[in-house]
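Protein chains in written order, with the numbering used here: chain A, 7 to 343; chain B, 1119 to 1360.
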């Protein structure tokens, strides 16, 4: 478990103070895939660098399984660093060493005996699907393969936490998906806690269980990914989750406004998302329903459906229909009357 | 016949260019001089690379936030060492040879001769190698060093397992540059009786108008430089997997 309390980080360059983190509190439970999302300059990189101790903390505490990271020095600090594996945006592999040696590196540092190392390297290369590239040099690998080596290296010394700092930002969409699936797979198989730093919502949607939205050196909102997708509290969260949301086409909106009726956005969560609510509404309340847009997606193995519909009929019937929807499904919003 | 007459008549003048005795004469002067040059360049290269690299490493880590927590001590070390290196690099070699005499005597017992010249060359080359090493390390992607430190690697581990192996091809090329420079500098070693090919070129070729000697030394120097450069390029190539 990582418990961050009131974390501050101030950089001083040329006599000017830049506050990168302004009092950050968050708790990351073991076994989670915890995402941090924010625009550039929000303080994501500072946060990673503080957690991975590449940067010293100005103020605050970072507890790793009860031990305060910020108070450690020398060999104690180096021992604590071995609990972390880092996956970088630009891979940062040893270009003059083979794939095998790259994965071996953290184990050598951790003084793991040679026969144990050998066995584990083969296992890890198998896990990331690079068994045949053991003797290749990174220069001959594709971006996705390099990142797989990066992930294998991060896992080598048996860390409890793996921090992915924009791990997929330099990769193409297809490769990104395969890397994300690999991360999710590893999290499931090995129970390693992942901390995912990204500026891309689809990374969060794809793998994270929890998410924290960062803005201006603070966490402005955090919690379950689905909760935040459906019930965002802040404008920034709304902006980030826009891609996961559905926006009614403007022309369709204007046209549908010309006839009476109410436009409603309904969000369904869980296994009952595909249930025939619309049919029920039509049958039960004597209303007409037109579908203006909708989609279904899967997040954290939970199905989320969003539907924009227009309900028309007598005022009472429409009201009753909306009340029914309000009661039975997770979220209904009246977009226009 | 004509050839015989000419060489008999002008014994004190330049002998026939490709006659056995002429080549023998050239050889007797040029071969020891070549050995002297190789001796001076060899020792000075070895020691300047050892000490220069060491200073280069110190210069690099005392200004690197990730490798070494920066404080007043590191900052002062970096500035003082940098200043010494800059001073060393700005003194003309011909002056340095003479100025280094007391130090040379302390190290090899004398301030004249080939050994003394090797010491002077070493002193002159150390700052150069130090800067070359520092800039080579600076060329390494910062992220690789961060990855190493984040793994829990200690400073020596990062230096010997990451910094040096990762930059080895570039280091080899830069060391080759330093060695070729030293071959050029060794020509001035004659000032303190260091001998060597440059000295022969100066004393025989220039001062006694022995054009054959001059060309002989130049050819040998070109050969030596070529051999070192080709060897350097080759080593850099086989160590470069990037």
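Glycine included, every Cβ here is placed at the ideal spot set by N, Cα and C.
Residue-chain proximity (residue i, chain A), Cβ-Cβ < 9 Å
| i | result |
| --- | --- |
| residue 1259 of chain B | yes |
| residue 1266 of chain B | yes |
| residue 1305 of chain B | no |
| residue 1214 of chain B | no |
| residue 1357 of chain B | yes |
| residue 1179 of chain B | no |
| residue 1342 of chain B | no |
| residue 1350 of chain B | no |
| residue 1079 of chain B | Given a span of 1119 to 1360 for chain B in the structure shown, any question on residue 1079 of chain B remains unanswerable. |
| residue 1197 of chain B | no |
| residue 1353 of chain B | no |
Cutoff 9 Å: residue i Cβ touching any chain B Cβ
| i | result |
| --- | --- |
| residue 15 of chain A | no |
| residue 114 of chain A | yes |
| residue 51 of chain A | no |
| residue 23 of chain A | no |
| residue 104 of chain A | yes |
| residue 163 of chain A | yes |
| residue 136 of chain A | no |
| residue 81 of chain A | yes |
| residue 58 of chain A | yes |
| residue 332 of chain A | no |
| residue 159 of chain A | yes |
| residue 88 of chain A | yes |
| residue 196 of chain A | no |
| residue 98 of chain A | yes |
| residue 94 of chain A | yes |
| residue 167 of chain A | no |
According to DSSP, residues forming a beta bridge with residue i
| i | result |
| --- | --- |
| residue 170 of chain A | A/93 and A/202 |
| residue 1136 of chain B | Beta-bridge pairing links residue 1136 of chain B to no other residue. |
| residue 312 of chain A | A/273 and A/301 |
| residue 1180 of chain B | Residue 1180 of chain B pairs with nothing; no bridge assigned. |
| residue 295 of chain A | A/317 |
| residue 229 of chain A | A/217 |
| residue 40 of chain A | A/201 and A/216 |
| residue 68 of chain A | A/10 |
| residue 33 of chain A | A/9 |
| residue 16 of chain A | A/25 |
| residue 241 of chain A | Answer is none; residue 241 of chain A lacks a bridge partner. |
| residue 74 of chain A | A/69 |
| residue 1195 of chain B | According to DSSP, residue 1195 of chain B bridges with nothing at all. |
Cβ-Cβ separation, residue j to residue i (assumed contact under 8 Å), whole Å
| i | j | result |
| --- | --- | --- |
| residue 89 of chain A | residue 167 of chain A | 6 Å |
| residue 202 of chain A | residue 214 of chain A | 6 Å |
| residue 1244 of chain B | residue 1173 of chain B | 7 Å |
| residue 236 of chain A | residue 273 of chain A | 5 Å |
| residue 1238 of chain B | residue 1222 of chain B | 6 Å |
| residue 63 of chain A | residue 15 of chain A | 6 Å |
| residue 220 of chain A | residue 48 of chain A | 4 Å |
| residue 268 of chain A | residue 317 of chain A | 5 Å |
| residue 87 of chain A | residue 1268 of chain B | 6 Å |
| residue 1218 of chain B | residue 1241 of chain B | 5 Å |
| residue 1270 of chain B | residue 85 of chain A | 7 Å |
| residue 1152 of chain B | residue 1338 of chain B | 6 Å |
From the options, residue whose alpha carbon lies closest to that of residue i
| i | options | result |
| --- | --- | --- |
| residue 217 of chain A | A/198, A/154, A/295 and A/42 | A/42 |
| residue 31 of chain A | A/39, A/20, A/68 and A/184 | A/68 |
| residue 1343 of chain B | B/1160, B/1150 and B/1232 | B/1160 |
| residue 1158 of chain B | B/1209, B/1310, B/1290 and B/1264 | B/1310 |
| residue 134 of chain A | A/142, A/185, A/24 and A/338 | A/185 |
| residue 263 of chain A | A/310, A/315 and A/240 | A/315 |
| residue 94 of chain A | A/176, A/209 and A/59 | A/176 |
| residue 1215 of chain B | B/1312, B/1320, B/1326 and B/1360 | B/1312 |
| residue 13 of chain A | A/37, A/72, A/45 and A/76 | A/76 |
| residue 110 of chain A | A/98, A/130, A/97 and A/92 | A/130 |
| residue 1168 of chain B | B/1224, B/1346, B/1264 and B/1251 | B/1251 |
| residue 242 of chain A | A/205, A/172 and A/137 | A/205 |
| residue 337 of chain A | A/290, A/291, A/51 and A/275 | A/275 |
| residue 171 of chain A | A/157, A/179, A/178 and A/162 | A/157 |
| residue 38 of chain A | A/193, A/102, A/54 and A/108 | A/193 |
| residue 1148 of chain B | B/1333, B/1352, B/1356 and B/1354 | B/1333 |
| residue 78 of chain A | A/96, A/57 and A/180 | A/57 |
| residue 1165 of chain B | B/1190, B/1341 and B/1293 | B/1293 |
| residue 40 of chain A | A/106, A/308, A/189 and A/266 | A/189 |
For this session: Run through the segment 1148-1176 of chain B for me and flag every whole beta strand (DSSP E) of 3 or more residues, listed as ranges in chain order.
Result: No beta strand (DSSP E) of 3 residues or more sits fully in the segment 1148-1176 of chain B.
Exercise. Going along the chain, which unbroken runs of the alpha helix (DSSP H) with 4 or more residues stay wholly within the segment 1209-1240 of chain B?
Worked result: 1211-1217 and 1219-1226
Problem set entry | Ranges of the alpha helix (DSSP H) found wholly within the segment 1290-1334 of chain B, counting only runs of at least 4 | 1315-1318
Exercise. Which parts of the segment 121-184 of chain A are runs of the alpha helix (DSSP H), unbroken and 4 residues or longer, counting only runs that do not cross its ends?
Worked result: Taken in chain order, the complete alpha helix (DSSP H) segments of 4 residues or longer contained in the segment 121-184 of chain A are 149-162.
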